[in-house]
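Counting in full-length UniProt numbering, the sequence shown runs from 1 upward without gaps. Ideal Cβ placement from N, Cα and C applies to all residues, glycine included. Owing to the predicted nature of the structure, the values given are computational and were not obtained by experimental measurement. Note sheet for the following structure.
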Amino acid sequence: MGHLKKFLHKLFFENYDQFAEELGYPDWNIALENTFGIYEMEGDTWYHATQIPDKKWAVWNDDEEEPPYAFEVFATWDEAIRELRGMFVESGLPENHWRPEGFDECEDAFLKEPDREKML
Numbered sequence: 001m002g003h004l005k006k007f008l009h010k011l012f013f014e015n016y017d018q019f020a021e022e023l024g025y026p027d028w029n030i031a032l033e034n035t036f037g038i039y040e041m042e043g044d045t046w047y048h049a050t051q052i053p054d055k056k057w058a059v060w061n062d063d064e065e066e067p068p069y070a071f072e073v074f075a076t077w078d079e080a081i082r083e084l085r086g087m088f089v090e091s092g093l094p095e096n097h098w099r100p101e102g103f104d105e106c107e108d109a110f111l112k113e114p115d116r117e118k119m120l
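Listed below in structure tokens is the structure:
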């Protein structure tokens, strides 16, 4: 039974670990600790922003079937969040889909970087 569990874990997480490596992290768990959901698209998929090790921000979505996902890198949080907001507005999604993680409900996501202590 242990071999099957190990095989399934490798099968599932290998692509996530590959994506994490593309972002500059050694594995998916560490990448995930630095990733914030920003807005929900249709079909339970999300746009995310990940702070990468060089302190830049990678913007990506999990709309594709499995990783590695395409991503775009921005030099600052301000650039990343403004790009994400522009994409959100263009999408025509209802405002309640805009839910940046790392902020209290009343906080403005454009004024500072997200706080890991406030992740959902």
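Simplified DSSP assignment, three categories, for residue i
{"i": "GLY43", "result": "coil"}
{"i": "GLY92", "result": "coil"}
{"i": "residue 126", "result": "Examination of residue 126 is not possible in this model, given that the chain is present from 1 through 120 alone."}
{"i": "ALA80", "result": "helix"}
{"i": "GLU37", "result": "Residue identity differs from the one stated: residue 37 is Gly in this sequence, not Glu. In this structure, GLY37 counts as strand in the three-state DSSP scheme."}
Cβ-based burial, residue i [other Cβ within 10 Å; buried from 16]
{"i": "ASN34", "result": "buried"}
{"i": "ALA75", "result": "exposed"}
{"i": "VAL59", "result": "buried"}
{"i": "PRO67", "result": "buried"}
Cβ pair residue i, residue j closer than 8 Å
{"i": "TYR47", "j": "TRP28", "result": "no"}
{"i": "ALA49", "j": "TRP57", "result": "yes"}
{"i": "ILE52", "j": "LEU23", "result": "yes"}
Straight-line Cα distance separating residue j from residue i
{"i": "LEU32", "j": "GLY92", "result": "27 Å"}
{"i": "PHE19", "j": "CYS106", "result": "33 Å"}
{"i": "LEU4", "j": "TYR25", "result": "For LEU4, the predicted structure reports a pLDDT of 48, less than 50, and the residue's modelled location is therefore unreliable. The matter cannot be settled from this model."}
{"i": "PHE110", "j": "GLU65", "result": "30 Å"}
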